[in-house]
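Just below is one structure, and these are the notes that go with it.
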Amino acid sequence: MEFNDLDPILHNELRLKVMAALDSLDDADFVYLKELTKSTAGNLSVQISKLEEAGYIKVSRSGEGRGSHTVCKITPAGEKALLAYQRALMGYFSNKA
Amino acid sequence: MEENFDALEVIARTRGKVEMDDMPTGKKLFPLWGWLTAIFYLIGFILVHFLHKDWGIWMWTGIPVVGIPLMIRILKKDHQRSHMRTRRSRLVLDYWVFAACAIGLGGFLFGFMGIYEMVENPMICLLVGIGAFITGEELRFPPMIVGGIAAAILGIVSFLLQGDIWAWQMLCIVICAIVSLIIPGYLFENSIKDGI
Chain A
0 MEFNDLDPIL HNELRLKVMA ALDSLDDADF VYLKELTKST AGNLSVQISK
50 LEEAGYIKVS RSGEGRGSHT VCKITPAGEK ALLAYQRALM GYFSNKA
Chain B
0 MEENFDALEV IARTRGKVEM DDMPTGKKLF PLWGWLTAIF YLIGFILVHF
50 LHKDWGIWMW TGIPVVGIPL MIRILKKDHQ RSHMRTRRSR LVLDYWVFAA
100 CAIGLGGFLF GFMGIYEMVE NPMICLLVGI GAFITGEELR FPPMIVGGIA
150 AAILGIVSFL LQGDIWAWQM LCIVICAIVS LIIPGYLFEN SIKDGI
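Encoded structure:
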């Protein structure tokens, strides 16, 4: 198996952290994900948008400005993609060994 | 852009952190519902057993009337602090919603059917017992698990209290609330304060 087969959307440290967290959770908000991943708000926002565009997470936004609240939830497609990504990695390492 | 990082380690480490952050919300709900249940059923027991007022069986309707607004207030406060929710805690919450609906619906249904004393009170003990048990399992908190088992046993005991002595079932519910909701609730709150 080629290393290049890895899902490019998930093969990014910050996006992978977000996906791994959401896979264990029912949902999580932006503040929690920012603290968990120790990332900047701008970078996290960009990566969340990419995951949302890929259909891997669902983002619900409520309110505006300082009081706004963003909640993320993994989708079934996201769960499948993360599982496939992990399997691909395992396959890569077992082939390498 | 090619990334260079140990992906499997990132996944494992992130999941580990999430597990550690899993702080239960609504921890004040156990004592709240426990006290309300104990107080209203104790009043019901006194009305039915000592004062022979049959309408005392409807005392339970006061529990949701007082409890739901207080619960919403507590959950709102908790939600402001909590930024995530695990799947397990969601499942436990779903169970309690189901149990509350079953108890409420059963209370009216069995009350109007005239079989309240046969079914409703043992069912309450059993449903509360199962709830305390699975919540205890989710929180890995043995006193709550033991309280759940004790409540289920009280459910069987109260089922045996039929006929003229059925009013004592209400006292079983009072004990059930104390052993499965009030005591484990306070112990759990203290364990969080102590950082156990």
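Chains A and B, in that order, are what the protein sequence lines are. Residue numbers are given in numbering that gives the first Met the number 0: position 62 of the first sequence equals residue 61, and the series is strictly consecutive. Residue numbers are given in numbering that gives the first Met the number 0: position 154 of the second sequence equals residue 153, and the series is strictly consecutive. Backbone N, C-alpha and C define an ideal beta-carbon position, used for all residues, glycine too. Because the structure is a prediction, the values reported are computed rather than measured.
- Under the DSSP assignment, Met83 (chain B) falls in the beta strand (DSSP E) whose first and last residues are Met83 to Thr85.
- The beta carbon of Thr36 (chain A) sits closer than 9 Å to some beta carbon of chain B.
- With a cutoff of 9 Å on beta-carbon distance, Lys72 (chain A) and Asp6 (chain A) are scored as not near each other.
- Counting along the chain, Arg60 (chain A) sits inside the beta strand (DSSP E) bounded by residues Ile56 to Ser61.
- Annotation for Thr69 (chain A): the continuous beta strand (DSSP E) segment containing it runs His68 to Ile73.
- Using a CB distance below 8 Å, the part of the segment 77 to 108 of chain B facing chain A consists of His82, Met83, Arg84, Thr85, Arg86, Ser88 and Arg89, ordered along the chain.
- Linking Ala150 (chain B) to His68 (chain A) through their CA atoms gives a straight-line distance of about 40 Å.
- Near chain A, meaning a CB-to-CB distance below 7 Å, no residue of the segment 134 to 145 of chain B qualifies.
- Not a single C-beta of chain B is nearer than 9 Å to the C-beta of Val45 (chain A).
- Taking the beta carbon of Arg72 (chain B) as reference, no residue of chain A falls within 8 Å; the closest one sits roughly 19 Å away.
- Spatial neighbours of Val47 (chain B) in its own chain (CB-CB distance under 8 Å, excluding positions within 5 residues in sequence) are listed in chain order as Asp53, Gly55, Ile56, Ala166 and Met169.
- Taking the C-beta atoms as reference points, Leu21 (chain A) is found nearer than 9 Å to Ile56 (chain A).
- Residue burial is scored here from C-beta neighbours: Asn120 (chain B) has at least 16 other C-beta atoms within 10 angstroms and is therefore classed as buried.
- By the neighbour-count criterion, in which 16 or more other beta carbons inside 10 Å mark a residue as buried, Ile114 (chain B) falls on the exposed side.
- Runs of the alpha helix (DSSP H) spanning 4 or more residues and lying entirely within the segment 132 to 186 of chain B occur at 141 to 159 and 167 to 176, in chain order.
- Here Asp26 (chain A) is bridged, per DSSP, to B:Arg84.
- Using a CB distance cut-off of 9 Å, Leu69 (chain B) does not count as an interface residue toward chain A.
- Legend: CB atoms of the segment 51 to 80 of chain A lying less than 8 Å from CB atoms of chain B are not found in any residue.
- Taking Leu9 (chain A) as reference, the option from A:Val58, A:Gln46 and A:Tyr91 with the minimal CA-CA separation is A:Gln46.
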